[in-house]
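S.K.:
In UniProt numbering, the protein residues as written are 1 to 911.
Here is the structure:
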């Protein structure tokens, strides 16, 4: 589409244009809006109740006047749950001729009377396949009840504090984070959180009370040493630290301190384990494995406070470097890949070491290498030469310890031995190079991601393709199983049960034979770690949330707990509401005056919490489109003109004082931005962006969609700004563009914290793993998983079966009922071919296409040679998760459209 209007107009011209399209009296709330109100479908007041013993978010300070229908959430819910009683969002929008809509998200009953919803048209074809909306409830019917130790925190609150591993003692749960460690006492897990105004930082408002250590380097691994009542942690700075188990602190503000610590590796400590002899084994980068004898550790722990400076030195000098032990004449028997995990078989006195494509088996007593084998179970005879090590493995020599000194004969070696080592080293180098090429994809599916020892002595490993492999105590491959297609992230065992955590958020329970007992979606993000303690299996999700699953689940007790908790839902459920303003405008490569932006957004923004602005044709031209496509391929996006629009919209919204920009995304001429009122900011986060080009070859962004996804009060909302194919006859192309956008819109995580603060977020991101059901292998689409989806933009659907003069006459008479029957989009939605199951408020404003430059009012419609028929090209269509196909909203619906705001700034439009 070409230019929609000339936005270089004076304030007087703006007023003239508005008069030309809005002759009827307008509501006093906004002099530029045209709204139709209905009688409320329900009345009464909503009583808020909070159980004094349950944790809850501190949401009382959200101003009630800016809120509307009841948007429900509960303190134990996550973004993969939804309460049956939800609320309505409010949005206002502006389109090419200018159009706007007001929706409500959540409202009290007495406030609903002030903003009554408009009647809506509902498209057919929804509720099935990819257009099936998510059904959510306070208690998920498809999984056992859980203990919410730490509800899903907003990502923006976790920068520098993300949790990455957990471990359980008898009385505590410990977690390693990017700035140290923390622990929860099991006796406090049912206590209420401190809240936003308490002593706990943002992100932990609803978490059970916990204690934190002082700041350290990021924690990479964590184990429990029950025999010595210690917790050992490995860190990114290469240090191993000890923490006293079961320590009690009276003041939550006081940080506990580490005990013994020493420099174990030059790089990160990737895994640690204690052997049956008390020795501490640690693995790092480039295949480095080191042993820290218990004798030296015990002596260091027994030193007095005055002798603490000697403790670290004593442990460091006792180091045994296993890689140097198995290196002879520069040839090493083990791989130089990073250590993935270490597991101790205390019955057989063995240590398993897993690397991505190989395993090594060690004797815990003699420290000898027993076996080297690959993921297929085949024995390997490796020889890594120093030349190869210099490329892939920096030779570490902090301790200069030689466990076995080679003899003179071994040092000199014969010609045949040296030749053999050279050939094997070269072959290994060629193999590694080959795996980085075409064969790398096959090897990646076989990589070891997790390892665990079961109670029967069998070892289980997991792969990125969901494959589970069983090994006996001698490293012989017994069987492989495939219960889920997602990547295996972690294992955990309790008794005869094996728990498997997947990247899809699914947890499976297996017996010792590998048979599937049960499975459920535990989190909406990958399950990073699991640990057993206090009768629960605790799972840590990638977003930082921690849930506890009873070791008796699944079982009959689940049904009883679910019914009891569901009966008291109102005691832990709170309803909050806010309004959303959504605006769309095809700017036709023009730039709006500050007065025009203030009149459009500023006058309606006083009582809304979230504002979403979608622009089309911000910048066009073949050169710009080609450059934009090239930038997208390397992860770059945005333009100077796009930034100009963001800056000026921010000025119109009083950015920094009233609103804060949460995110934006630009694809060629398409631009979307999202703004949040300051007092609502702390409840909005997890902002992700995505883009789908639909232009030439599905690669050029002159047509397509850009989207933003946010989480508000534990609910997911998606906003997609679209510019679909032009021309009257291109109905099927427009339908195909929508389908392509819906199926391929993937919201990638911002690549840096600055993106969260308002800088445009990352470009095309690889589609992440979604929380698919435990029985369905096909992942759900990002838009299909959202609680609410709003499509806005220049959809380009026209009026059919009508002439230019007929349409113009009907517009002058405001006969919109008849015009709506000629609307292509309405016909296609009714046939279930596009925007399946989505809703649009009844259109009660003049068509927004197509105006000539500097021609306000009815006379502004294109009267040139082409005489393009007026049409409603600029639209806003949404979908929530209500189940009943009713045309009017009620308090049982999460979203209600309460008004349209129609704008027109005269300009011209060309195809």
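Where is the CB? At the ideal position from N, CA and C, for every residue including glycine.
Touching or not, the region 587-602 and the region 561-578, by the rule of three or more beta carbon pairs under 8 Å?
M.R.: With the cut-off at 8 Å, the region 587-602 and the region 561-578 do not touch.
S.K.: Please state whether DSSP places residue 696 in a helix, a strand or coil.
M.R.: Residue 696 falls in the helix class under three-state DSSP.
S.K.: Do you know offhand how far residue 483's Cα is from residue 206's?
M.R.: Distance from the CA of residue 483 to the CA of residue 206, rounded to the nearest whole angstrom, comes to 34 Å.
S.K.: Going by CA-CA distance only, name the one from 376, 781 and 611 that's closest to residue 468.
M.R.: 376
S.K.: With a threshold of 16 other CB atoms inside 10 Å of the CB of residue 142, please say whether the residue is buried or exposed.
M.R.: exposed
S.K.: Suppose contacts are defined by Cβ-Cβ distances below 7 Å. Is residue 146 in contact with residue 549 by that definition?
M.R.: yes
S.K.: Among the residues of its own chain, which have a CB less than 8 Å from the CB of residue 699, if the five just before and after it don't count?
M.R.: 629 and 693
S.K.: Spell out whether any CB of chain B is found under 7 Å from the CB atom of residue 789.
M.R.: Of the chains in the structure shown, none is chain B; there is only one protein chain.
S.K.: Quick test of the definition: if touching needs 3 or more C-beta pairs under 8 Å, does the region 165-183 touch the region 122-135?
M.R.: no
S.K.: For residue 496, count the other beta carbons within 10 Å of its own beta carbon; 16 or more makes it buried, fewer makes it exposed. Which is it?
M.R.: Taking every protein chain shown into account, the CB of residue 496 has fewer than 16 other CB atoms within 10 angstroms, so this residue is exposed.
S.K.: Taking DSSP as the reference, what is the three-state secondary structure of residue 155?
M.R.: DSSP places residue 155 within a helical segment (H, G or I) once states are collapsed to three.
S.K.: Tell whether a beta-carbon distance below 7 Å holds between residue 354 and residue 481.
M.R.: no
S.K.: Output the boundary residues of the beta strand (DSSP E) element that contains residue 120.
M.R.: 120-122
S.K.: What number of angstroms, rounded off, separates the C-alpha of residue 721 from the C-alpha of residue 279?
M.R.: 59 Å
S.K.: Between which residues of its own chain and residue 486 is the CB-CB distance below 7 Å, once the five residues before and five after are set aside?
M.R.: 466, 502, 503, 504, 506 and 769
S.K.: Is the beta carbon of residue 544 sitting closer than 7 Å to the one on residue 153?
M.R.: Closer than 7 Å, so yes.
S.K.: Any idea which residues DSSP pairs residue 527 with across the strands?
M.R.: 541
S.K.: Report, in whole angstroms, the separation of the C-beta atoms of residue 288 and residue 309, which I expect to be a contact under 8 Å.
M.R.: Rounded, the Cβ-Cβ distance is 26 Å, inconsistent with contact.
S.K.: Okay, do the region 157-164 and the region 873-883 touch, 3+ Cβ pairs below 8 Å being the bar?
M.R.: no
S.K.: Nearest-angstrom Cα distance between residue 222 and residue 315?
M.R.: 19 Å
S.K.: Give me whichever residues DSSP pairs with residue 274 in a beta bridge.
M.R.: 280
S.K.: Cβ atoms of residue 786 and residue 716: under 7 Å apart, would you say?
M.R.: yes
S.K.: Would DSSP call residue 287 helix, strand or coil?
M.R.: In this structure, residue 287 counts as helix in the three-state DSSP scheme.
S.K.: Out of curiosity, what's the CA-to-CA distance linking residue 233 and residue 168?
M.R.: Taking the straight line from one Cα to the other gives about 13 Å.
S.K.: Measure the C-alpha to C-alpha separation of residue 943 and residue 477 and round it to an integer number of angstroms.
M.R.: In the structure displayed, the chain extends from 1 to 911; residue 943 sits before or after that span and is not available.
S.K.: Might you give, ordered along the chain, the residues of its own chain that have their beta carbon closer than 7 Å to the beta carbon of residue 454, omitting 5 neighbours on each side?
M.R.: 460, 493, 498 and 512
S.K.: Report the partner residues of residue 490 according to the DSSP bridge assignment.
M.R.: Paired residue(s): 501.
S.K.: Below 8 Å on the Cβ atoms is my contact criterion, and I expect residue 614 with residue 672 to pass it. Report the Cβ-Cβ distance as a whole number of Å.
M.R.: 5 Å
S.K.: So for residue 683, helix, strand or coil by DSSP?
M.R.: helix
S.K.: Taking 7 Å as the threshold (C-beta atoms), are residue 667 and residue 640 in contact?
M.R.: no
S.K.: Rounded to a whole number of angstroms, what is the C-alpha to C-alpha distance between residue 374 and residue 273?
M.R.: 22 Å
S.K.: Could you spell out the range, first to last residue, of the beta strand (DSSP E) harbouring residue 878?
M.R.: 874-879
S.K.: Looking only at C-alpha atoms, which of 648, 322, 881 and 126 sits nearest to residue 834?
M.R.: 126
S.K.: What does a CB cutoff of less than 6 Å around residue 784 pick up in its chain, not counting 5 residues either side in sequence?
M.R.: 130
S.K.: Need the endpoints of the alpha helix (DSSP H) that residue 826 sits in, please.
M.R.: 824-830
S.K.: Taking all protein chains shown into account, do 16 or more other C-beta atoms lie within 10 angstroms of the C-beta of residue 823, making it buried, or fewer, making it exposed?
M.R.: Under this definition residue 823 is a buried residue.
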